[in-house]
Amino acid sequence: MPGTEEALEAYKLEEKRRQEEGRKDEDTDGRSQEEKIEWLRSRGVVIETPEDRRKAAAQQKQNLEDPAPGKRISFKYVKVPADPNLPCEEIQGEGPEARDNFLTMLKSVFAGGKIDATAAQRAAAQHLGASAQPLGSEGLSTLDQAASEGVVETFALVRPAKSNSHCGVYIYLDEVGLLKQLPKNERACGIAKSCGFDNAEFYGDVFIGRTQVQPAPMRNVDFPLSDIDSAAPWLRRAATENYEYGLAMREVKDALEAKGVQQTVNDDDEHDCGGYKWSQDSESVEILLEVPQAASSKDVKVKFSSQKVTTTVKGEEVLSLDLFDKIRPDECNWTFSKATALMKVSC
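Heads up: the sequence shown begins at 1 in UniProt numbering, then just goes up one per residue.
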C-alpha cells in the first residue's frame, strides 16, 4: 500500500525518540498496544488482529443469513421453467438495496435433488483432464450435500454499460443442474442465443433478473415478463452490445501484441500454473484452484477488487492474482466442491 513504508519508518523514528527520552510504562514506550496499532492505522498501515478477523467473519456470516440494514427494495423478475408446457412467470421479489438478492434467495429454490454419479465423474474429467480421480461414495455424498443446500450460478446475458443505463441482465441457474440430470431448458437457451451465445446450455428451471450498478449502490431493478419478448429493446440490442464487448477484449489482446508481450492465450485453452489453472473467453476469466482436502466452503474466502482476485483458506492466502484489465466485482462469483478439492472463480 502506498505510504506504508514511510509510515513504518516514521513509527521507528518515533519509537527511538521516545526511548531516548526515557519514557516507560506498561509496554516499552508509554503507549498501550492498542494505541500503537491505532497510530499505525492512522498513517495508512493495514493491520489485522485476530479480533478483527473474528469480527469480520461474524459480520460476513450475518450478512449472508440476516437481512442487511438500510433501505429495502422490491423488484420484478421472471421464472423460465424447463418444462416447455409451463408458462413463464413474473415474480415480485424483495430484499436489501445494496445486494444482488438472487444469489441468496434462490438457494432454497435450487436446493434438493440427487447428483448423478456418471455425470459428476464426467464433469470432473472435463475440468481436471487425465488427473481426475474417481469421486467415490464420499465425494458423491459431499456433492449431494451441496446440492441439497442449493448453489446459484449466474450467466451474463448483457453486461452493464452506458448504452443500457448500466443495467446487466443475468440468468440465475442451478450450478449443479446438469449433474442432477435436470432437463435442458430450451427457452433459456433460445434467449441466450438471441443475445449472441449460440452454445450456452441451461438445465432445469432458471430465473432472469436485472441489476443496475450505477449510480451506486448496486441494486436489483425490474425485469418484467414483457422483457423476454423478442421485441424487447434490451434483447434487440443484446447481440450488438455483446459483440462490441468481444471486440473490446480483442483490442486488449492486440494491445499486448503491439507492446511486444508474448501472446499465448487462446480463448478455449486452459493454462496450468501449478496449484491453479486458468482459461478465458470473450466473456470471462475462469480460475480453477486446488485447495486442501480438509477445507470446507466456510474456510474459503474470495475477495474481488477492480483489478485483483485474492483467495484465502483457513486464514492463509493461497492465491493473489493481479488482472490485466478491470473487472466488475459485482459480476464475479466462486463455487467450491469439497469432493474434488476444486474451487472455481469466475470474473
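A virtual CB, placed ideally from N, CA and C, is assigned to each residue, including glycine.
Remember, it's a predicted structure, so these values are computed and weren't measured experimentally.
1. Cβ of residue 119 within 7 Å of Cβ of residue 173?
2. Thinking just about the alpha-carbon of each residue, which of 88, 123, 154, 137 is nearest to the one in residue 106?
3. Against chain D, with Cβ distances strictly below 7 Å, would residue 232 count as a contact?
4. Cβ of residue 102 within 7 Å of Cβ of residue 221?
5. Would you tell me roughly how many angstroms separate the C-alpha atoms of residue 327 and residue 279, rounded to the nearest one?
6. Determine the DSSP secondary structure at residue 222, reduced to helix, strand or coil.
7. Tell me whether the beta-carbon of residue 169 lies closer than 7 Å to the beta-carbon of residue 182.
8. Going by alpha carbons, who is nearest to residue 309 out of 285, 233, 171?
9. Can you tell me which of the three DSSP states residue 183 falls into?
10. According to DSSP, is residue 247 helix, strand or coil?
11. If you run the structure through DSSP and keep just helix, strand and coil, what is residue 242?
12. Can you look up residue 171 in the DSSP assignment and give me helix, strand or coil?
13. Using only CA atoms, which one of 176, 87, 71, 167 lies nearest to residue 241?
14. Rank 88, 85, 208, 146 by C-alpha distance to the C-alpha of residue 108 and give the top, closest one.
15. Return yes when the Cβ of residue 300 is within less than 7 Å of the Cβ of residue 313, no when it is not.
16. Is the beta carbon of residue 205 less than 7 Å from the beta carbon of residue 81?
17. Note the first and the last residue of the continuous beta strand (DSSP E) segment covering residue 162.
18. Just to confirm the assignment, what range does the alpha helix (DSSP H) spanning residue 108 have?
19. Return helix, strand or coil for residue 70, following the three-state DSSP convention.
20. Mind checking residue 99: buried by the 16 CB within 10 Å criterion, or exposed?
21. Here's the rule: buried if 16 or more other CB atoms are within 10 angstroms of the residue's CB, otherwise exposed. What is residue 212?
22. Cα-Cα, which of 177, 116, 162, 141 is closest to residue 150?
23. My output table needs one value for residue 261: the three-state DSSP class, helix, strand or coil.
24. Taking the beta carbon of residue 159 as the centre, do at least 16 other beta carbons fall within 10 Å, making it buried, or is it exposed?
25. Within its chain, find whatever has a CB closer than 8 Å to the CB of residue 163; leave out the 5 residues flanking it on each side and keep chain order.
26. Is it buried or exposed, residue 227, if we count other Cβ atoms within 10 angstroms and call 16 or more buried?
27. Under the assumption that residue 351 contacts residue 70 (Cβ atoms under 8 Å), give the Cβ distance between them as a whole number of angstroms.
28. Quick one: grab the DSSP three-state call for residue 280.
29. In whole angstroms, what is the alpha-carbon distance linking residue 171 and residue 207?
30. Here's the rule: buried if 16 or more other CB atoms are within 10 angstroms of the residue's CB, otherwise exposed. What is residue 188?
31. Measuring straight from C-alpha to C-alpha, what distance separates residue 113 and residue 144?
Straight from the coordinates:
1. Within the sequence shown, the letter at position 119 stands for residue 119. Within the sequence shown, the letter at position 173 stands for residue 173. No.
2. Here residue 106 refers to the residue found at position 106 of the sequence shown. Minimum Cα distance to residue 106 is reached at 154.
3. Going by chain labels, chain D is absent from the structure shown, which holds only one protein chain.
4. In the sequence shown, counting from the first residue as 1, residue 102 sits at position 102. In the sequence shown, counting from the first residue as 1, residue 221 sits at position 221. No.
5. Position 327 of the sequence shown, counted from the first residue, corresponds to residue 327. Position 279 of the sequence shown, counted from the first residue, corresponds to residue 279. Rounded to whole angstroms, residue 327 to residue 279 spans 15 Å at the Cα level.
6. Counted from its first residue, the sequence shown places residue 222 at position 222. Coil.
7. Your numbering for residue 169 matches position 169 in the sequence shown. Your numbering for residue 182 matches position 182 in the sequence shown. Against a cut-off of 7 Å, the Cβ pair of residue 182 and residue 169 comes out as no contact.
8. The residue labelled residue 309 in the question sits at position 309 within the sequence shown. Closest option to residue 309, Cα to Cα, is 285.
9. Against the sequence shown, residue 183 aligns to sequence position 183. In the structure shown, residue 183 sits in coil (DSSP, three-state: anything other than H, G, I, E or B).
10. One-based indexing of the sequence shown puts residue 247 at position 247. Three-state result, residue 247: helix.
11. Here the question's residue 242 lines up with position 242 in the sequence shown. Here residue 242 sits in helix by DSSP.
12. As a first step, residue 171 must be located in the sequence shown, where it is residue number 171. Of the three classes helix, strand and coil, the one that applies to residue 171 here is strand, per DSSP.
13. The residue labelled residue 241 in the question sits at position 241 within the sequence shown. Comparing Cα positions, the closest option is 167.
14. Mapped onto the sequence shown, residue 108 falls at position 108. Nearest option by C-alpha distance: 146.
15. Reading the sequence shown from its first residue, position 313 is the one you call residue 313. Reading the sequence shown from its first residue, position 300 is the one you call residue 300. In contact: residue 313 and residue 300 (Cβ atoms closer than 7 Å).
16. For the purposes of this step, residue 205 is taken as the residue at position 205 of the sequence shown. For the purposes of this step, residue 81 is taken as the residue at position 81 of the sequence shown. Yes, they are a contact pair.
17. For the purposes of this step, residue 162 is identified with residue 162 of the sequence shown, where counting begins at 1. Careful: residue 162 lies outside any beta strand (DSSP E) and carries neither H nor E.
18. To locate residue 108, count along the sequence shown from 1; it is residue 108. From DSSP, the alpha helix (DSSP H) with residue 108 extends over 107 to 110.
19. Taking the sequence shown and counting its residues from 1, the one referred to as residue 70 is at position 70. Three-state DSSP puts residue 70 in coil, outside helix and strand.
20. Within the sequence shown, numbered from 1, the residue matching residue 99 stands at position 99. Burial call: buried.
21. Translated into the one-based positions of the sequence shown, residue 212 becomes position 212. Looking at its Cβ environment, which holds 16 or more other Cβ atoms inside 10 Å, residue 212 is buried.
22. Position 150 of the sequence shown, counted from the start, is the residue given in the question as residue 150. Out of 177, 116, 162, 141, 177 has the C-alpha closest to the C-alpha of residue 150.
23. As a first step, residue 261 must be located in the sequence shown, where it is residue number 261. Residue placement at residue 261 cannot be trusted, given a pLDDT of 45 that sits under 50; what the coordinates show is reported in the next sentence. Residue state, collapsed to three classes: coil.
24. Here residue 159 is taken as the residue at index 159 of the sequence shown, counted from 1. Residue 159 comes out buried.
25. Mapped onto the sequence shown, residue 163 falls at position 163. Only 237, 241 meet the Cβ criterion.
26. Position 227 of the sequence shown, counted from the first residue, corresponds to residue 227. Residue 227 comes out buried.
27. Here the chain comprises residues numbered 1 to 347, so residue 351 is not present and cannot be evaluated.
28. Translated into the one-based positions of the sequence shown, residue 280 becomes position 280. Note: residue 280 maps to strand in three-state DSSP.
29. Numbered from 1 along the sequence shown, position 171 holds the residue referred to as residue 171. Numbered from 1 along the sequence shown, position 207 holds the residue referred to as residue 207. Going by the C-alpha atoms only, they are around 6 Å apart.
30. Sequence index remark: in the sequence shown, residue 188 carries index 188 (1-based). Looking at its Cβ environment, which holds 16 or more other Cβ atoms inside 10 Å, residue 188 is buried.
31. Start at 1 with the first residue of the sequence shown, and residue 113 comes out as number 113. Start at 1 with the first residue of the sequence shown, and residue 144 comes out as number 144. In a straight line, the C-alpha of residue 113 is about 8 Å away from that of residue 144.
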